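All letters in the sequence shown, in the order written, are residues 1 to 606 by the UniProt record's numbering. All C-beta atoms, glycine included, are put in the ideal place defined by N, C-alpha and C. Fair warning: this is a prediction, and the values are worked out from it, not measured in the lab. Below: the structure, in structure tokens.
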Amino acid sequence: MAYSSSAVKLHATNALHAVAVRTLRTLAHYTDCSRQRSQTGHALAAALQRHWQTPHYRQLVRRSLTAADRALLQAWWQGQQPLPTPQALDLWRWQAPWPTLEQLSSEQRLAALGLVVPIRTTTGRTVVLINDTSRWLRRTPPLPPTPVAASLQALFQAVVALLAACANTPQPRQAAGLALHIAQSAGWLADRLNQWRITPRGRVWLHSPIAEQQRLLHQQLITCNPPARGLVAWRSPDWAALFADLERLMEAQAQRRSMDVAALLHDHPAWNGLPAAQQIRLVHGWLRTVLQPAGVVSLAKGWLFWHGWQQLAAQAPAFDGLRLPKRAALPAALQVWGLTWGMATSHGWRITQASVAAALANGLDLSSFWQPIDQWYAERPALIQALIAKLQATPPLRLRRITLLEGSPEAVASAHANWQIQAYLQPGFDQAQRVVCQGAEQVVAKVLGLHATPTPRLDTQTSIQIMALRIATQHLPSHRLAFNQQAQRLLAELSFEQRCIIDDDWERLQLSDAPQPLATSQSLAVGQQPRAQITVEQARQTCRQAINNQQSVTVRYYTPAEHRITTRTIRPLELTSTGMRGWCELRQQERAFRFDRILAIDLNSS
């Protein structure tokens with residue numbers, strides 16, 4: 001027998017003003033609504049009503065409710081089951097301690113999320129349904145189960161298949177030097193994938209089935225937003241025949257050079273955990289310090305990229321050959337390679353399909369094609385191994401919190417046009433969202449007059465663990481790599497301000513262990529204040545220039561913990577709103593530095 005369908009349904013404006021203030025505080029806690037400590041009941045009710053209209057609240061409700069919760073809410077709405085008693089929904093009794101949403105029953109979970117609440121009336125207490133929060137939920141389908149995220153290697157294979165399909169259609173040659181264009185496409189693609197992984201669209205993309213990932217990749221790479229240059233290289237099948245003949249030889253030598261192309265192909269397990277900026281710097285540093293002095297940048301970009309696709313057991317895209325410049329720094333083995341298999345040009349040699357065919361007609365054996373390259377790689381500089389070791393020493397994982405600026409498309413576009421915060425905003429999932437750069441939340445909130453989430457306090461246990469790991473790296477050099485990785489995992493979860501606190505404590509500990517003043521340090525007298533020779537903006541611009549040019553800087557840095565000025569050489573890695581994160585050669589560790597404590601700064605040549 002069905003119950004009476006006379007369940008009371010009220011609008012949130014009318015219902016929340018009749019709810020006890022202790023219940024309102026409980027609702028604010030479970031729905032992630034920020035409130036002030038001395039906020040009145042009417043102000044808190046108005047804040048809850050505004051918060052319940054945001055996408056964040058709706059995503060929280062859809063993510064928290066189960067199928068049984070939805071069925072119970074539907075039965076209440078249609079009058080098939082009676083509403084619970086007010087005593088069963090006394091939310092204010094849960095404050096010590098707060099149970100999680102998963103620990104609550106279906107009735108309590110619906111009440112904690114603001115779908116049904118107890119109110120006070122002239123005749124006593126009663127339970128009502130919130131009209132505007134329940135209506136959209138009943139009309140919204142439940143979220144599908146989250147599938148297992150596909151590996152990045154599977155995504156690259158999907159990209160290879162997609163771009164190979166685009167290359168099957170013959171296209172006229174767009175420009176010379178397609179090997180360079182292919183290398184630029186590879187760098188653009190790797191950078192694009194890493195940018196997607198930290199955006200709302202990227203999270204949806206990574207958790208989609210592989211067929212949906214291919215569709216989204218096709219839409220993003222081909223239909224909607226192709227790069228200005230690079231993708232034209234995928235549409236030239238002129239060299240497919242040449243590399244089909246060389247495929248057998250390349251596969252036999254794949255394992256020998258796998259570490260050399262790890263940075264370009266995401267082959268190393270630690271590569272995916274690096275920020276995109278560090279990945280680009282490692283690739284550019286490898287090409288600049290190893291290959292450019294030998295004058296084989298064009299060769300390396302074309303050959304390494306084609307060779308790397310063989311690591312994925314996929315069909316390699318075609319390009320127009322390799323160019324060797326005639327320079328004094330060109331190794332002798334590569335000069336022999338150009339003379340034997342190449343065609344002479346005004347700038348050096350060019351190895352093309354026609355030149356290889358002519359060499360084969362003169363009696364050369366194709367099996368000796370890669371012998372000069374093998375000889376050159378056998379004599380490669382030791383700097384390659386040093387860069388590979390640097391890549392291996394980086395933490396394998398990195399967590400990053402994302403802050404979204406949401407609103408109407410017009411309001412969000414107007415905020416993005418503000419010159420004070422334009423550099424701190426990135427495109428979001430749609431026109432009504434922007435991603436706030438990490439560490440710039442307080443600046444954006446201050447400019448727009450919004451309430452920013454306060455920075456959480458530093459956990460004492462975390463600080464002690466990081467200190468212990470840093471001390472262990474000094475006393476146990478054989479386990480330095482493992483200790484550094486554990487410390488980096490802990491530091492990745494902290495904000496920039498919290499890192500500065502830990503670094504100040506570490507400076508105090510270092511100076512207490514070594515009472516002799518360093519040659520690069522200067523103690524200040526009691527009452528003497530440091531004098532800065534530059535402004536905060538000048539320090540920020542110099543650090544940004546050092547990051548763009550991959551240079552180190554020498555700074556005079558003030559440490560308030562010991563009232564001391566030290567001179568350090570720093571390699572900046574990342575800028576924040578109040579400082580920078582970089583490698584300190586004085587301490588041989590990654591440290592955080594505040595701009596307002598930098599007294600002087602100079603760019604170094606390297």
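- With respect to the C-alpha of residue 112, the residue from 354, 416, 24 and 435 having the closest C-alpha is 24.
- A distance below 7 Å separates the beta carbons of residue 592 and residue 503.
- Counting only residues of its own chain and dropping the five nearest sequence neighbours on each side, residue 33 has a CB closer than 7 Å to the CB of 47, 48 and 51.
- Taking the CA atoms as reference points, residue 362 sits about 53 Å from residue 545.
- For residue 11, the closest alpha carbon among the candidates 131, 601 and 88 is that of 131.
- Taking every protein chain shown into account, the CB of residue 440 has 16 or more other CB atoms within 10 angstroms, so this residue is buried.
- Contiguous beta strand (DSSP E) elements confined to the UniProt domain "WYL" (541-601) occur at 553-559, 564-575, 579-584 and 589-594, taking only those with 3 or more residues.
- For residue 77, the enclosing alpha helix (DSSP H) has its first and last residue at 67-78.
- Shortest Cα-Cα distance from residue 451 to any of 35, 40, 596 and 44 involves 35.
- It is roughly 24 Å from the alpha-carbon of residue 73 to the alpha-carbon of residue 124.
- Residue 506 carries a helical assignment under DSSP once its states are collapsed to helix, strand and coil.
- Taking C-beta atoms under 8 Å as the contact rule, residue 54 and residue 406 qualify, at a distance of about 7 Å.
- Residue 547 is positioned such that its CB atom lies no closer than 7 Å to that of residue 556.
- Under DSSP, residue 125 shares a beta bridge with 120.
- Annotation for residue 358: no residue places its beta carbon closer than 7 Å to its own, counting only its chain and skipping 5 residues before and after.
- Non-local beta-carbon contacts of residue 552 in its own chain, meaning distances under 6 Å to residues more than five positions away in sequence, involve 569, 571 and 604 in chain order.
- Relative to the Cα of residue 45, the nearest Cα in the group 137, 18 and 102 belongs to 18.
- Your pair residue 337 and residue 356 does not check out as a contact, with CB atoms roughly 11 Å apart and the cut at 8 Å.
- For the set 493, 601 and 550, the Cα lying nearest the Cα of residue 537 is the one of 601.
- Of the residues 598, 404, 22 and 590, the one whose Cα lies closest to the Cα of residue 532 is 598.
- In this structure, residue 105 sits away from residue 68, with a CB-CB distance that is not shorter than 7 Å.
- Under the three-state reduction of DSSP, residue 326 is assigned to coil, being neither helix nor strand.
- Across the set 589, 326, 116 and 16, the C-alpha of 116 shows the shortest separation from the C-alpha of residue 75.
- Residue 109 and residue 121 have their C-alpha atoms spaced approximately 23 Å apart.
- Secondary structure of residue 426 (DSSP, three-state): strand.
- Inclusion of residue 8 and residue 128 in the CB contact set at 7 Å is warranted, their separation being smaller than that value.
- The beta carbons of residue 465 and residue 481 sit about 17 Å from each other, so the pair does not count as a contact at 8 Å.
- 7 Å or more divides the Cβ of residue 539 from the Cβ of residue 483.
- Nearest to residue 432 by C-alpha distance, out of 410, 418 and 426, is 410.
- Under the criterion of beta carbons closer than 8 Å, residue 29 and residue 98 qualify as touching, at roughly 6 Å.
- Per DSSP, reduced to three states, the secondary structure at residue 348 is strand.
- In terms of CA proximity to residue 85, 126 leads the group 126, 78, 60 and 421.
- Rounded to whole angstroms, the gap between the alpha carbons of residue 14 and residue 119 is 10 Å.
- Annotation: the continuous alpha helix (DSSP H) that includes residue 27 extends over 21-30.
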